[in-house]
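What follows is one structure encoded as structure tokens, with my remarks underneath.
Protein chains in written order, with the numbering used here: chain A, 1 to 659; chain B, 1001 to 1174.
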């Protein structure tokens, strides 16, 4: 029943989005407002239909209706309801339904928001967004039907991979999807600008907030994914340069470049083509990433099952690239920039360099990701590149980026005078050099670490100096108190100061990444009950092994006592989870998370009689800084995008209650 | 639009072709330079205490399988097929040797017991043999002819059809 109904609803939704796209284009060409209105209605009906389909599948998942193959493959009767719900994005078909729904939702939001504005471009924006939505619906109706029936109907389903039955599964994929889908909005506006020939900055202004919000979700998704992997996967790492991780990182890089380069276009009327290319690249990389995960052409831990879907995605990727680059070529004559670089020592050139570095990293990652394919096509042999390649290339480029992050926001537009340079950079450089020298004196000898610290201190120095001088200037002219002046400053130019806070977050995260990877200590020992091992400042004592039944699995864990000196610090219980349907156990790591140092323990193996256990102990210094950095980035973006009136309300309230 | 402008969208064509080419390849197929070369010798102490070596097996066709107890599901999938093939062809002179790599002995013995392997299996201390053979991951299977040359290498779980074809061709060869 649900099977037929669901598939039928998807067909209707597909018809509706094709109609919406067609009616929008026809209405705009023929100047028929009635067709445009009809198209807008179709967008809303489409949202209702896709929502219905989503509810049908969720209903089937929650009620364990195993007559639907997708449900049988991705949930079990015994699962908690929240993991039954999460089954929606646990596998290929459902995740495409979720994607289609978000696409439809964003499309409707855009229509609702710009109902009466930007009438020249809106029909085309709508057409592009509905076109993308139609693609996902097409995939589901013809290649990956989430409502396909199962025969014979099994008595119980197979369930999600146990690794996915954690609360993180409710957050990480959703953040990424929101980011991916979010970038379709600026892409649609860019395409509409190209189609209509309205190539001024209008499309940038309209999409600034959409872009930053999409960037925020994507950043959040990437950080959250790292955090998840660190806490649960039991290898002590957070990033492995896996093709699918790269697939989320590449659009992030181009998206970040885009956010920066639009500022040059707004200010100097330069880089028009470049910005269009960047947003096209970003959206294409999103589709490319989806293609990678779903086609099975590269081996990956994240890969979905192989299927006919790969070809369909490749076709769509080809269409997107040819269509958008074709449009850019078509309008090339009218896209000549007006400005020119006045000087190499200027903000625009710092931004330009930042773009070059970001695209350089993106290209490196791209090359590394498809390298096995490339060598096989050219030389017939398959060569994979791993961590060392990515790290070697991205570390120096990352440093360059860090340095530019300090320079870009403070150097003056046009041509920086010596005076400007001295005023903004002398103190940060001197402070950073002094702090780095101090670290050297304290015994830090790794060149990489010293370099990373110098760059980080420099950026923090520039940001602090900027906040300090601006706040002081405001306080002295308005007579406000220092804190009040600071708050007012944040509110007055939220984009600038929000951006600086984001930079601060990036620096904090980079310090965490650098220190934790350079100064990581790892130790694996086999201990008998009562034996101890010393690692760093800690002593870890293995007390005994225990086992217990949990609702879905059997857990075996080691009881460890951690001591610092002779005082007990904490108890840790790393274990292994044994699931009935899975042959190999899953690690259940335990760690003492601390702001400056994580003590991380993994139970590698154990003797069944409890006579010994092999335990891996890691000390990850400053790991928490990565996640704190992520939080600061979130804060900065919120400062930059929160609507004016909300902040005004907040400050009004603060003023009403004087301290 | 002049031809120069066409270059912009056309720039994406090579990439699309490369990705399309990806469908014709199998990410698991890793070509081995050892195919058609003589197989590296090995001498291992088997789980049952005996010794297995390539030199002693010369003149007999050999199926050399690399596995591990942690390799789920592929090794678990192909294990019954290995044992069945061994039972079926051992009287025709086929030899089969299993090499267990990077494993814990207890787990490996459990694996052997679970599938009731009756052909010789040996752990690979220090992964020496797997390095000699360039094993990329488990399972991998090498089909070695009577002259001690690697006739074929397969990555991933074996299928009955492939096993049948390769074993028959080994047995047919001189």
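Virtual Cβ for every residue (Gly too), placed ideally from N, Cα, C.
Residue 20(A) beta carbon less than 7 Å from that of residue 43(A): Stepping through the first chain from its first residue, residue 43(A) is reached at position 43. Stepping through the first chain from its first residue, residue 20(A) is reached at position 20. Yes. Within cutoff.
CB contact check: residue 377(A) to chain B, cutoff 7 Å: Start at 1 with the first residue of the first chain, and residue 377(A) comes out as number 377. The beta-carbon of residue 377(A) is placed less than 7 Å from the nearest beta-carbon of chain B.
As assigned by DSSP and simplified to three states, the class of residue 110(A): Stepping through the first chain from its first residue, residue 110(A) is reached at position 110. Note: residue 110(A) maps to helix in three-state DSSP.
Residue range of the unbroken beta strand (DSSP E) whose run includes residue 1067(B): Reading the second chain from its first residue, position 67 is the one you call residue 1067(B). Per DSSP, residue 1067(B) belongs to the beta strand (DSSP E) from 1062-1067.
Closer than 9 Å at the beta carbon, the chain A residues around residue 1131(B): Reading the second chain from its first residue, position 131 is the one you call residue 1131(B). Under the 9 Å cutoff, chain A gives no residues; its nearest Cβ is about 17 Å from residue 1131(B).
Alpha carbon of residue 1103(B) to alpha carbon of residue 1018(B), nearest angstrom: Locating residue 1103(B) in the second chain gives position 103, where the first residue counts as 1. Locating residue 1018(B) in the second chain gives position 18, where the first residue counts as 1. Straight-line Cα distance between these residues: approximately 38 Å.
Other residues of its chain near residue 658(A): CB distance less than 8 Å, five sequence neighbours each side excluded: Taking the first residue of the first chain as 1, we reach residue 658(A) at position 658. Low local confidence applies: a pLDDT of 49 at residue 658(A) is under 50, so the model's placement there is unreliable, with the coordinate-based value given in what follows. Correct list: empty, nothing qualifies.
Nearest-angstrom beta carbon gap, residue 640(A) and residue 494(A) [assumed within contact, 8 Å]: Walking along the first chain from the start, residue 494(A) turns up at place 494. Walking along the first chain from the start, residue 640(A) turns up at place 640. Going by Cβ atoms, the distance from residue 494(A) to residue 640(A) rounds to 6 Å, so yes, they are a contact pair.
Anticipated Cβ contact below 8 Å, residue 632(A) with residue 505(A), distance rounded: Taking the first chain and counting its residues from 1, the one referred to as residue 632(A) is at position 632. Taking the first chain and counting its residues from 1, the one referred to as residue 505(A) is at position 505. Confirmed, about 3 Å.
Inter-residue Cα distance where the pair is residue 626(A) and residue 85(A): On the first chain, position 626 is the one that residue 626(A) refers to. On the first chain, position 85 is the one that residue 85(A) refers to. C-alpha of residue 626(A) to C-alpha of residue 85(A): approximately 30 Å in a straight line.
Bridge partners - residue 606(A), DSSP secondary structure assignment: For the purposes of this step, residue 606(A) is taken as residue 606 along the first chain, with counting starting at 1. DSSP lists 613(A) as partners of residue 606(A).
Same chain, Cβ closer than 6 Å to residue 1095(B), five either side skipped, listed in chain order: Looking up residue 1095(B) in the second chain gives position 95. The answer, listed in chain order, is 1057, 1060 and 1062.
Members of the segment 1135-1161 of chain B that neighbour chain A once the beta carbon cut-off is set at 8 Å: Sequence-ordered contacts of the segment 1135-1161 of chain B with chain A are nonexistent [C-beta pairs closer than 8 Å].
Member of 81(A), 469(A), 570(A) and 500(A) whose CA lies at the smallest distance from the CA of residue 170(A): On the first chain, position 170 is the one that residue 170(A) refers to. Looking at the Cα atoms, 81(A) is the closest of the given residues.
Alpha-carbon spacing of residue 513(A) relative to residue 233(A), whole angstroms: Here residue 513(A) corresponds to residue number 513 of the first chain, with the count starting at 1. Here residue 233(A) corresponds to residue number 233 of the first chain, with the count starting at 1. C-alpha separation (whole angstroms): 18 Å.
Run of the alpha helix (DSSP H) containing residue 628(A), from where it starts to where it stops: In the first chain, counting from the first residue as 1, residue 628(A) sits at position 628. Its alpha helix (DSSP H) spans residues 624-641.
7 Å Cβ cutoff, residue 1022(B) in contact with chain A: Counted from its first residue, the second chain places residue 1022(B) at position 22. It does: the Cβ of residue 1022(B) has a partner Cβ on chain A nearer than 7 Å.
Backbone CA spacing between residue 317(A) and residue 410(A) [nearest angstrom]: In the first chain, the residue the question calls residue 317(A) occupies position 317. In the first chain, the residue the question calls residue 410(A) occupies position 410. Roughly 39 Å between the two C-alpha positions.
Cβ-based neighbour list, residue 427(A), same chain, cut-off 8 Å, excluding 5 preceding and 5 following: Against the first chain, residue 427(A) aligns to sequence position 427. Excluding residues within five positions, the ones whose Cβ falls inside 8 Å are 461 and 465.
Interface positions of the segment 1063-1095 of chain B facing chain A (Cβ-Cβ less than 7 Å), listed along the chain: When CB distances to chain A are screened at a threshold of 7 Å, the residues of the segment 1063-1095 of chain B falling below it are 1070, 1072, 1073 and 1076, in chain order.
Residue 244(A) to residue 485(A) span [Cα, whole Å]: Position 244 of the first chain, counting from 1, holds the residue named residue 244(A). Position 485 of the first chain, counting from 1, holds the residue named residue 485(A). Taking the straight line from one Cα to the other gives about 45 Å.
Residues near residue 134(A) by beta carbon distance below 8 Å, same chain, minus five either side: To locate residue 134(A), count along the first chain from 1; it is residue 134. Beyond the five residues adjoining it in sequence on each side, residue 134(A) comes within less than 8 Å, by CB distance, of 14, 17, 18 and 21 in the same chain, given in chain order.
Residues of its chain near residue 76(A), where Cβ-Cβ distance is below 6 Å and the 5 sequence neighbours each way are ignored: Here residue 76(A) refers to the residue found at position 76 of the first chain. Hits under 6 Å: 156, 157 and 159.
Residue burial classification, residue 1092(B) (beta-carbon count within 10 angstroms, cutoff 16): Taking the second chain and counting its residues from 1, one reaches residue 1092(B) at position 92. Looking at its Cβ environment, which holds fewer than 16 other Cβ atoms inside 10 Å, residue 1092(B) is exposed.
Nearest neighbour of residue 151(A), chosen from 528(A), 3(A), 580(A) and 518(A) [CA to CA]: Numbered from its first residue, the first chain carries residue 151(A) at position 151. Minimum Cα-Cα distance from residue 151(A) among the listed residues 528(A), 3(A), 580(A) and 518(A) corresponds to 3(A).
Residue-chain proximity (residue 1037(B), chain A), Cβ-Cβ < 7 Å: The count along the second chain starts at 1 and reaches residue 1037(B) at position 37. Output row for residue 1037(B): interface = no.
Beta-bridge pairing of residue 249(A) - partner residues as DSSP gives them: In the first chain, residue 249(A) corresponds to position 249, counting from 1. According to DSSP, which records beta bridges pairwise, residue 249(A) is partnered with nothing at all.
Coil, strand or helix - residue 385(A) by DSSP: Reading the first chain from its first residue, position 385 is the one you call residue 385(A). In the displayed model, residue 385(A) falls within coil according to three-state DSSP, outside both helix and strand.
Neighbour list for residue 279(A) in chain B, Cβ cutoff strictly below 8 Å: The residue you call residue 279(A) lines up with position 279 of the first chain. Among the residues of chain B, none has a CB under 8 Å from the CB of residue 279(A); the nearest is roughly 15 Å distant.
Beta-carbon proximity of residue 579(A) to residue 553(A), cut-off 7 Å: Numbered from its first residue, the first chain carries residue 579(A) at position 579. Numbered from its first residue, the first chain carries residue 553(A) at position 553. Yes, Cβ-Cβ distance for residue 579(A) and residue 553(A) is below 7 Å.
For residue 1008(B) and residue 328(A), believed in contact at Cβ under 8 Å, the rounded distance: The sequence position of residue 328(A) within the first chain is 328, counting from 1. The sequence position of residue 1008(B) within the second chain is 8, counting from 1. Confirmed, Cβ separation roughly 6 Å.
Partners in chain A for residue 1128(B), counting only beta-carbon separations shorter than 7 Å: If you number the second chain from 1, residue 1128(B) lands on position 128. Under a criterion of Cβ atoms nearer than 7 Å, no residue of chain A is adjacent to residue 1128(B); the nearest Cβ is some 22 Å distant.
Within chain B, partners of residue 326(A) - CB distance below 8 Å: Here residue 326(A) refers to the residue found at position 326 of the first chain. Result: 1008 and 1009.
Contacts of residue 1016(B) in chain A (Cβ-Cβ under 8 Å): The residue given as residue 1016(B) occupies position 16 in the second chain. For residue 1016(B), the residues of chain A that pass the 8 Å Cβ criterion are 314, 317, 318 and 321, in the order they occur in the chain.
Neighbourhood of residue 294(A) by C-beta distance below 7 Å, restricted to the same chain and skipping five residues each side: Working through the first chain from its first residue, we reach residue 294(A) at position 294. Residues 92, 304, 309, 310 and 313 of the same chain have their beta carbon placed closer than 7 Å to that of residue 294(A), with the five preceding and five following residues left out of the count.
Per-residue contacts from residue 164(A) into chain B (C-beta, under 7 Å): As a position in the first chain, residue 164(A) is number 164, starting the count at 1. Close to residue 164(A), with beta-carbon spacing below 7 Å, lies no residue of chain B; the smallest spacing is near 17 Å.
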